[in-house]
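Each remark here refers to the structure printed beneath this line.
Residue numbers (our numbering): 44 to 421.
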């Protein structure tokens with residue numbers, strides 16, 4: 044290729060590039076000229092749509108947060124009530140609804156109206172935040188605590204029914220005391236038994252020698268002490284209960300027949316009704332029932348009635364006595380604390396021990412019509 048041709052090619056390349064740039068710029072300008080100018084209303088609608096979308100996402104997030112919050116409250120093992128500054132029931136979790144016997148629909152209503160049947164809970168809302176306290180209401184034991192919360196939130200109170208928990212705690216204390224006293228009683232009873240055997244022998248010698256009055260007095264007292272020692276030995280005796288199906292009406296009938304032959308039952312009407320089954324030790328249950336029936340007869344005045352109600356896994360021994368307060372009922376289940384001047388204080392505790400050994404429990408409760416119900420439950 045000649046030098047002139049090379050020079051022409053070198054000049055043609057930049058000229059072509061320049062013309063190409065001009066043409067590209069022209070086409071872009073033409074496209075911009077043909078584009079429709081933006082609509083102001085469309086811009087506003089787009090902005091509103093975006094805002095609504097963001098609010099919807101925020102509302103969904105808050106809804107999810109509220110759901111999580113409610114689930115956390117419903118998972119609490121105790122009741123929680125929240126009354127806001129407008130005195131509205133802002134929240135009542137599931138456990139609280141169960142304890143008070145109300146429906147979820149009460150949330151949002153006037154708190155004074157919803158809590159009118161529960162004055163003890165309304166009073167707790169007015170307390171200063173502090174440690175939990177316990178009280179009795181509606182025949183149950185309650186634990187309440189006003190919780191710390193900012194004034195703008197309102198009042199928060201957690202509450203729970205601790206009746207069964209307190210009873211179980213007392214039963215545990217009794218079992219521990221039973222174990223301690225059992226060891227001590229065994230040693231004392233054996234020592235007394237040996238001494239009483241000597242006294243009884245001396246009384247018999249006195250009687251043979253013609254000293255009948257002195258001998259009878261000595262022998263009578265000795266026999267009473269022997270019965271007491273026998274109770275002590277029963278108390279200290281380790282138990283090895285069996286577990287087998289029982290017809291509760293059969294065990295009850297046998298126990299009633301035994302008690303009817305005892306002086307304590309004279310002048311009282313003893314009967315039972317119902318049928319039921321349970322799994323346990325028939326002999327231990329028989330012994331426990333005899334003690335409970337004898338105690339019920341002693342509490343019931345002559346001419347009164349002692350009734351046993353039988354059902355599956357439960358027995359109720361009903362007397363027509365003066366009834367027991369909660370404190371007295373607790374005290375009478377403790378060893379050596381009798382409600383009668385001539386009692387040993389072991390009848391009810393032994394019944395409790397025999398029942399506990401076979402997986403049953405004993406509870407003394409006052410009857411609305413008067414008297415006491417000894418409840419046996421498996």
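All C-beta atoms, glycine included, are put in the ideal place defined by N, C-alpha and C.
Item to check | C-beta atoms of residue 168 and residue 198 nearer than 7 Å | outcome: Mapped onto the chain shown, residue 168 falls at position 125. Mapped onto the chain shown, residue 198 falls at position 155. In this structure, residue 198 lies closer than 7 Å to residue 168 by Cβ.
Checklist entry - Any idea if residue 331 is buried or exposed, counting beta-carbon neighbours within 10 angstroms, 16 or more meaning buried? => result As a first step, residue 331 is located in the chain shown; it is residue number 288 there, counting from the start. That one is buried.
Checklist entry - Alpha carbon to alpha carbon, how far is residue 419 from residue 321? => result As a first step, residue 419 is located in the chain shown; it is residue number 376 there, counting from the start. As a first step, residue 321 is located in the chain shown; it is residue number 278 there, counting from the start. Their Cα atoms are separated by approximately 11 Å.
Item to check | CA-to-CA distance, residue 161 to residue 138, given in whole angstroms | outcome: In the chain shown, residue 138 corresponds to position 95, counting from 1. In the chain shown, residue 161 corresponds to position 118, counting from 1. Taking the straight line joining both Cα atoms gives about 16 Å.
Item to check | Distance between beta carbons of residue 337 and residue 305, contact taken as under 8 Å | outcome: Locating residue 305 in the chain shown gives position 262, counting from the first residue. Locating residue 337 in the chain shown gives position 294, counting from the first residue. About 6 Å; that satisfies the 8 Å criterion.
Item to check | Three-state secondary structure (DSSP) of residue 258 | outcome: Here the question's residue 258 lines up with position 215 in the chain shown. Looking at residue 258 - three-state DSSP - the assignment turns out to be helix.
Checklist entry - What are the boundary residues of the beta strand (DSSP E) that residue 309 is part of? => result Taking the first residue of the chain shown as 1, we reach residue 309 at position 266. Counting along the chain, residue 309 falls outside any beta strand (DSSP E), and DSSP gives it neither H nor E.
Checklist entry - Rounded to a whole number of angstroms, what is the C-alpha to C-alpha distance between residue 115 and residue 140? => result To locate residue 115, count along the chain shown from 1; it is residue 72. To locate residue 140, count along the chain shown from 1; it is residue 97. Cα to Cα, residue 115 sits roughly 15 Å from residue 140.
Item to check | Nearest neighbour of residue 370, chosen from 402, 348 and 409 [CA to CA] | outcome: Your numbering for residue 370 matches position 327 in the chain shown. Of the listed residues, the one whose Cα sits closest to residue 370 is 409.
Next on the checklist: Let me confirm a value: residue 157 is counted as buried when at least 16 other C-beta atoms fall within 10 Å, else exposed. Which label applies?
Outcome noted: Sequence index remark: in the chain shown, residue 157 carries index 114 (1-based). With 16 or more other Cβ atoms within 10 Å, it is buried.
Item to check | Residues that residue 201 bridges to, as DSSP identifies them | outcome: As a working note, residue 201 is residue 158 in the chain shown. Answer is 123 and 188.
Item to check | Member of 310, 151, 348 and 266 whose CA lies at the smallest distance from the CA of residue 235 | outcome: Position 192 of the chain shown, counted from the start, is the residue given in the question as residue 235. Comparing Cα positions, the closest option is 266.
Item to check | Backbone CA spacing between residue 318 and residue 398 [nearest angstrom] | outcome: On the chain shown, residue 318 is found 275 positions in, with the first residue counted as 1. On the chain shown, residue 398 is found 355 positions in, with the first residue counted as 1. C-alpha separation (whole angstroms): 19 Å.
Checklist entry - Who pairs with residue 322 in a beta bridge, going by DSSP? => result As a working mapping, residue 322 is identified with position 279 in the chain shown. According to DSSP, which records beta bridges pairwise, residue 322 is partnered with 288.
Next on the checklist: Here's a check: name, in chain order, each residue in its chain whose Cβ is nearer than 6 Å to the Cβ of residue 170, leaving out the five neighbours to either side.
Outcome noted: Walking along the chain shown from the start, residue 170 turns up at place 127. For residue 170, where only same-chain residues beyond five positions count, the Cβ hits under 6 Å are 189.
Checklist entry - Which residue from 365, 251, 184 and 194 puts its Cα closest to that of residue 172? => result By 1-based counting over the chain shown, the position of residue 172 is 129. Of 365, 251, 184 and 194, the residue nearest in Cα terms is 194.
Next on the checklist: Can you give me the C-alpha to C-alpha distance between residue 121 and residue 307, rounded to a whole angstrom?
Outcome noted: As a position in the chain shown, residue 121 is number 78, starting the count at 1. As a position in the chain shown, residue 307 is number 264, starting the count at 1. About 47 Å.
Checklist entry - The alpha helix (DSSP H) spanning residue 373 covers which residue range? => result Here residue 373 corresponds to residue number 330 of the chain shown, with the count starting at 1. Residues 369–375.
Next on the checklist: With H, G and I counted as helix, E and B as strand and the rest as coil, what does DSSP make of residue 272?
Outcome noted: Position 229 of the chain shown, counted from the start, is the residue given in the question as residue 272. Residue state, collapsed to three classes: helix.
Checklist entry - So, residue 407 versus residue 394, is the Cβ gap smaller than 7 Å? => result As a position in the chain shown, residue 407 is number 364, starting the count at 1. As a position in the chain shown, residue 394 is number 351, starting the count at 1. Contact: no.
Item to check | DSSP-derived helix/strand/coil call for residue 419 | outcome: On the chain shown, residue 419 is found 376 positions in, with the first residue counted as 1. Residue 419 falls in the strand class under three-state DSSP.
Checklist entry - Taking contact to mean at least 3 C-beta pairs separated by less than 8 Å, is the region 249–267 in contact with the region 291–306? => result no
Next on the checklist: Our contact map puts residue 184 next to residue 177 with C-beta atoms below 8 Å; I'd like the distance itself, whole angstroms only.
Outcome noted: As a working note, residue 184 is residue 141 in the chain shown. As a working note, residue 177 is residue 134 in the chain shown. Rounded, the Cβ-Cβ distance is 6 Å, consistent with contact.
Next on the checklist: Counting only beta-carbon separations shorter than 7 Å, does residue 273 have a partner in chain D?
Outcome noted: The chain labelled as chain D is not found in the depicted structure, where only one protein chain is given.
Next on the checklist: For a test of the three-state rule: what should DSSP assign to residue 145, helix, strand or coil?
Outcome noted: Translated into positions along the chain shown, residue 145 becomes position 102. Note: residue 145 maps to coil in three-state DSSP.
Item to check | residue 400: first and last residue of the uninterrupted alpha helix (DSSP H) it sits in | outcome: Locating residue 400 in the chain shown gives position 357, counting from the first residue. Per DSSP, residue 400 belongs to the alpha helix (DSSP H) from 390–400.
Next on the checklist: Quick check on the burial criterion: 16 or more other C-beta atoms within 10 angstroms. Buried or exposed for residue 477?
Outcome noted: This structure cannot speak to residue 477, because the chain is shown only from 44 to 421.
Checklist entry - Quick one: what's got a C-beta closer than 7 Å to residue 147's C-beta in the same chain, skipping five residues either side? => result Here residue 147 refers to the residue found at position 104 when the chain shown is read from its first residue. Only 140 meet the Cβ criterion.
Next on the checklist: Applying the 10 Å Cβ sphere with the 16-neighbour rule, what's the burial state of residue 237?
Outcome noted: Residue 237 sits at position 194 when you count from the first residue of the chain shown. Looking at its Cβ environment, which holds fewer than 16 other Cβ atoms inside 10 Å, residue 237 is exposed.
Checklist entry - In terms of residue numbering, what span does the beta strand (DSSP E) encompassing residue 135 cover? => result If you number the chain shown from 1, residue 135 lands on position 92. Element bounds for residue 135: 132–135.
Checklist entry - beta strand (DSSP E) containing residue 180: first to last residue? => result As a working mapping, residue 180 is identified with position 137 in the chain shown. Element bounds for residue 180: 176–180.
Checklist entry - Looking at C-alpha atoms only, which residue of 196, 186 and 200 is the closest neighbour of residue 209? => result Translated into the one-based positions of the chain shown, residue 209 becomes position 166. The shortest C-alpha separation from residue 209 is found at 186.
Checklist entry - Measuring CA to CA, which of 241, 136, 153 and 118 is closest to residue 129? => result Position 86 of the chain shown holds residue 129. Nearest of 241, 136, 153 and 118 to residue 129, Cα basis: 153.
Next on the checklist: Going by beta-carbon coordinates alone, are residue 362 and residue 414 separated by less than 7 Å?
Outcome noted: On the chain shown, position 319 is the one that residue 362 refers to. On the chain shown, position 371 is the one that residue 414 refers to. For residue 362 and residue 414, yes; Cβs fall inside 7 Å.
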